[in-house]
Structures are given as C-alpha cells and as structure tokens.
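S.K.:
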Amino acid sequence: MKIKIKIKRFNPNEGEESREPYFQLYNVEAGEGMTVLDALLKIADEDDPTLSFRRSCRSAICGSCAVSINGHAKLACKTQILPERHKFGEILVEPLANHAVMKDLIVDFSPFWNKMSRVTPYLTPPPGRQEQADDVKITPADEAAIDRAQTCIMCGACNSECNALEIDPEYIAPAALAKAWRFVGDVREGEKQKRLERLSMEHGMWDCVRCVHCTEYCPKDVRPLKEIELLRSAAIGRGITDNHGAKHVESMTQSVKRVGRLDEAAMTFKTLGFLRSLGMIPFGLKMELHGKMPMPLIFSQIEGMDEVKTIFDEIEEKKKEKE
Ligand code: SF4
Ligand code: SF4
Ligand code: FES
Numbered sequence: 005m006k007i008k009i010k011i012k013r014f015n016p017n018e019g020e021e022s023r024e025p026y027f028q029l030y031n032v033e034a035g036e037g038m039t040v041l042d043a044l045l046k047i048a049d050e051d052d053p054t055l056s057f058r059r060s061c062r063s064a065i066c067g068s069c070a071v072s073i074n075g076h077a078k079l080a081c082k083t084q085i086l087p088e089r090h091k092f093g094e095i096l097v098e099p100l101a102n103h104a105v106m107k108d109l110i111v112d113f114s115p116f117w118n119k120m121s122r123v124t125p126y127l128t129p130p131p132g133r134q135e136q137a138d139d140v141k142i143t144p145a146d147e148a149a150i151d152r153a154q155t156c157i158m159c160g161a162c163n164s165e166c167n168a169l170e171i172d173p174e175y176i177a178p179a180a181l182a183k184a185w186r187f188v189g190d191v192r193e194g195e196k197q198k199r200l201e202r203l204s205m206e207h208g209m210w211d212c213v214r215c216v217h218c219t220e221y222c223p224k225d226v227r228p229l230k231e232i233e234l235l236r237s238a239a240i241g242r243g244i245t246d247n248h249g250a251k252h253v254e255s256m257t258q259s260v261k262r263v264g265r266l267d268e269a270a271m272t273f274k275t276l277g278f279l280r281s282l283g284m285i286p287f288g289l290k291m292e293l294h295g296k297m298p299m300p301l302i303f304s305q306i307e308g309m310d311e312v313k314t315i316f317d318e319i320e321e322k323k324k325e326k327e
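Reading the sequence shown from the start, the letters are residues 5 to 327 in the numbering used here.
1) Using the beta carbon as the reference atom, which residues fall closer than 7 Å to any heavy atom of ligand 1, ordered along the chain?
2) Which residues in the same chain have their Cβ closer than 6 Å to the Cβ of methionine 309, if we skip the five residues on either side of it in sequence?
3) Using the DSSP secondary-structure output, state which residues sit across from phenylalanine 27 in a beta bridge.
4) Which residues, in chain order, sit with a beta-carbon under 7 Å away from any heavy atom of ligand 3?
5) Which residue comes first and which comes last in the alpha helix (DSSP H) that contains leucine 86?
6) With a Cβ-Cβ cutoff of 8 Å, do leucine 41 and isoleucine 11 count as a contact?
7) Do glutamate 98 and serine 114 have their beta-carbon atoms positioned less than 8 Å apart in this structure?
8) Please classify tyrosine 30 as buried or exposed, where buried requires at least 16 other C-beta atoms within 10 Å of its C-beta.
9) Is valine 111 near ligand 2, going by C-beta to nearest heavy atom under 7 Å?
10) Do you know how far the Cα of asparagine 167 is from the Cα of methionine 5?
11) Please look up how many angstroms separate the CB atoms of aspartate 172 and aspartate 211, rounded, as I've assumed it's under 8 Å.
12) Could you name the residues of the same chain whose beta carbon sits closer than 6 Å to that of isoleucine 240, not counting the 5 residues immediately before and after it, in chain order?
13) Is valine 226 a contact residue of ligand 2, with contact defined as CB to any heavy atom under 7 Å?
14) Give the straight-line distance between the Cα atoms of isoleucine 346 and proline 178, rounded to the nearest whole angstrom.
15) Is it buried or exposed, serine 164, if we count other Cβ atoms within 10 angstroms and call 16 or more buried?
16) Using only the alpha-carbon positions, how far apart do glutamate 174 and methionine 205 sit?
17) Going along the chain, which residues of its own chain have a beta-carbon closer than 7 Å to the beta-carbon of cysteine 222, five neighbours each way excluded?
18) Got a sec? Which residues, its chain only, sit under 8 Å from methionine 209 by beta carbon, not counting five neighbours each side?
19) In terms of alpha-carbon separation, which member of Thr245, Asp246, Glu268 and Asn247 lies closest to methionine 256?
20) Among Val105, Ile244 and Arg122, which residue has its Cα nearest to the Cα of tyrosine 26?
21) How about proline 2: is its Cβ closer than 7 Å to a heavy atom in ligand 2?
22) Is proline 223 near ligand 2 - that is, is its Cβ less than 7 Å away from at least one heavy atom of it?
23) Express the C-alpha separation of lysine 230 and alanine 153 in angstroms, rounding to a whole number.
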C-alpha cells in the first residue's frame, strides 16, 4: 500500500530563497511492521538521498532516531507506520522541538550534552576522599530506586516535549534531571548535598511546571517527572529551602493545612518575598477581575477541614514510621 509521508525539510546551505523550512511529500510503499525509520531509509535509498536524519541501532537502544511524528517526539525505529496512519490519518515527520535544526531532521544536541555535564554524570567520592568507598553494600531496594533513571538512552524526546524548556532554553530540562537523580539516588554518591544545592538554583529542578509530558513521551519509561519529584523531596529533606521552588511548596502546604485550599495572594508573598510580590499586584488584580483568585482578605476555611486535618495527621504518622 502506498502511504504519503510529509517531512519537514531545511537546508541552511541551500540558496538564499530556500533557507526557510518547507514540507516535502513522499509516497512510500508501506507494509505490516514497517517503521517510520524504515520509511525514511527507503526514501533516502530510492527517492531522495539528500534527506538527512540520524539513526544507528534500529532497535530503540541508541536514542539517535528521535523525531517528532504527528506532533510528538517518538523514536522513528519504534514507531510503526500503519498504526500511526490509522490513528492520525497521515504521517508528518518533523525534527525534535526545543532543539535548533541543523539540517532536515537533524538537530543540534550540544545544549543537551552541556546540560548532562552540568549534572556531573558520574559518581563522586565523599568530601575529602579521592576514591569511591568500595565497601558500600547495595541492596535490591537501593538499586530499584535508580533503576528507571538508568534506562535513559539520551534520545532527547522528553526535552522536545518540555513546556518549561520551551520558555527558558537555559532550563536544565528533564533528561539531565533524570540523570541527576541516577546519582543523587545512589547510595554510593558522596556529594548529594552539593548536587542538590546546585539543582536548586535558577534554571534548575524547581523550574519544572509539572506538565507530565516528559513522562508521557519518554520511549523507555524513565518517568523524568517522578525523578524530579524525588530530587525536590530530597532537597527539602536536606534543608535546601532558601529558593522560590521550595518556598512555594512550603507555602502551598501551609495554605492547605490552614484553610483547605490555595491562598494565592499569601503564597505569592511567602514565595517571592515582600518586594518582589509588589510587582505581581497588577497581575493579581487582573486575576481577581476575571474571578481566578478568591478575595485574599475574606479567605475562609473550606467545609470538611477535619478531613484535611486527618490527611495531614496520616502524613505525619507515616513520616514518624519511616524515621
Ligand atoms: S513535567 Fe517538568 S520537566 Fe517534564 S516536560 Fe513538563 S515541565 Fe518539562
Ligand atoms: S528520559 Fe526518556 S525521553 Fe528523556 S532522554 Fe532519556 S530515554 Fe529519552
Ligand atoms: S535507531 Fe537507535 S533508537 Fe532508533
């Protein structure tokens, strides 16, 4: 069966007039089990050798073939053409989002690797020691804590789908954060405190807006958002709370504990401090006008506060059991 595949093309080295991205349509003979990568290879072999894309293992192992297929980041070698066409009615292949395009489907991975090195992607010995302790016993539970983070194949699909990275290119982004947990969560790591302090800085783990896309589109089930939550929780547990993210979490918890819901005005003051909050007043007034924020001065408790209290009591009980 012939299938139409639309591919976003771009060649910065072509003539002045063709330096803008454009879409090109290809007709490919497709059969059961054929992947998007098979189709790209067929096009390059039989139709258009100028089409550029990355690939290596063809087995969802190397991470090099990640592209956007019908609007979302996927591994081309793991995505079958026929089910995709059945679901979306067409096959649209574009380069990964949130990455600068070098040519056709090839994107610049330098920012990705730079962010990986920012999280020191190897174990570090405890302060004052040159070598890793070799007598640390690792239990199955210790291994399970970092197991998923270890399965990352560095494909960049999560970063492509990340809403926080879209608005801040400096944001460390989910792939590097999943890698960060792989070491912070490792019982052998000697510099957990230092790592968490660094991750709590601007453009770090607190900039995640919890859209869940990284977890939804990761082809290896790494669940970066889960790892971000573990990092945040570890940082708060170690007293690294002098930052907007941790203050926001604390003020949110206090607000729910006090009135059973979010008191946005009070939370803004507690998170940003008095002076920076003043700059938020026009925004707060707009929210007020659109009915998006309850009046801060007449903020009453919700009904059923006793149930909220029970939840907090249970959390405290569980914390004590763990200690
Ligand atoms: S959950 Fe956070 S890290 Fe993951 S894609 Fe959304 S904003 Fe990015
Ligand atoms: S976390 Fe998943 S989506 Fe992100 S780089 Fe690793 S394997 Fe790819
Ligand atoms: S070619 Fe290696 S993951 Fe697709």
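Cβ coordinates follow ideal geometry from the N, Cα and C atoms, glycine included. Computed from a predicted model, the values in this text were never measured in an experiment.
M.R.: The structure says:
1) Qualifying residues, in the order they occur: Cys162, Glu165, Cys166, Asn167, Ala168, Leu169, Ala177, Pro178, Leu181, Cys212, Val213, Arg214, Cys215, Val216, His217, Cys218, Thr219, Pro228, Leu229 and Ile232.
2) Here the set comprises Gly264.
3) Bridge partners of phenylalanine 27: Lys12.
4) Counting only residues whose CB is nearer than 7 Å to a non-hydrogen atom of ligand 3, the list in chain order is Leu41, Arg59, Ser60, Cys61, Arg62, Ser63, Ala64, Ile65, Cys66, Gly67, Ser68, Cys69, Leu79, Ala80, Cys81, Lys82, Ile157 and Cys159.
5) Start and end: 85-92.
6) No. Outside cutoff.
7) Contact: no.
8) Per the 10 Å Cβ criterion, buried.
9) For valine 111, the Cβ stays outside the 7 Å cut-off from all heavy atoms of ligand 2.
10) If I take the Cα positions, the gap works out to 37 Å.
11) Rounded, the Cβ-Cβ distance is 6 Å, consistent with contact.
12) Excluding sequence neighbours, isoleucine 240 sits near Ala250.
13) For valine 226, the shortest C-beta to heavy atom distance toward ligand 2 is below 7 Å.
14) Only positions 5 to 327 of the chain appear in this structure, which leaves residue 346 out of reach.
15) Counting Cβ neighbours within 10 Å, serine 164 comes out buried, since at least 16 surround it.
16) When the Cα atoms are used, glutamate 174 and methionine 205 turn out to be separated by approximately 12 Å.
17) Here the set comprises Ala161, Cys162 and Pro228.
18) So the qualifying residues of the chain are Ile176, Leu181, Ala184, Leu203, Ile232, Leu235, Arg236, Ala239 and Gly249.
19) If you compare the alpha carbons of Thr245, Asp246, Glu268 and Asn247 with that of methionine 256, the shortest gap goes to Glu268.
20) Ranked by Cα distance from tyrosine 26, the options Val105, Ile244 and Arg122 are led by Val105.
21) The chain is shown from 5 up to 327; residue 2 falls before or after that span and cannot be answered.
22) Because some heavy atom of ligand 2 lies under 7 Å away, the Cβ of proline 223 counts as near it: yes.
23) Within the model, the alpha-carbon separation for alanine 153 versus lysine 230 is close to 10 Å.
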